[in-house]
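Below: one structure, written as structure tokens.
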Amino acid sequence: MIASTLDVRYMTVPERQAIIELLATPIESNADVATEKGDDALGMILRSVSSAMSSAAGELAVADIILTESVVLRALGLLTAFQCRHARYPVGAVLH
């Protein structure tokens, strides 16, 4: 649902903040799984990105719509990369 209907340029500030926080959660969960499965590099990247997204969500949503859009699209890319490398694990409710 998100990937097909997402256009952060037309979202309100609280909606932009929520989408960043919403995407950060499964990225953090995927980081734990990746590390557990020995994919340390992906786990480290996912954990770093999730932390940065969570920390900056409010500021980012207010300050820069284009950067927010870029962050959201890259977050979806990381979720896709995880799914490609670890296909046994569910994508999560955030992408349905």
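Plus 1 on top of the position in the sequence shown (first one is 1) and you've got my numbering.
Ideal Cβ positions, reconstructed from N, Cα and C, are used throughout, including at glycine.
Check the C-beta distance from residue i over to residue j and give it rounded, since I have them as a contact under 8 Å.
i          : j          : result
residue 53 : residue 43 : Not really, about 16 Å apart at Cβ, beyond 8 Å.
residue 21 : residue 58 : 4 Å
Relative to the alpha-carbon of residue i, which residue among the options has its alpha-carbon at the smallest distance?
i          : options           : result
residue 77 : 39, 48 and 25     : 25
residue 16 : 83, 81, 73 and 82 : 73
residue 19 : 49, 61 and 47     : 61
residue 89 : 22, 28, 29 and 38 : 38
Hey, could you find the ends of the alpha helix (DSSP H) residue i is sitting in?
i          : result
residue 73 : 66-86
residue 33 : 14-37
Residue i and residue j: beta carbons closer than 7 Å?
i          : j          : result
residue 63 : residue 9  : no
residue 28 : residue 51 : yes
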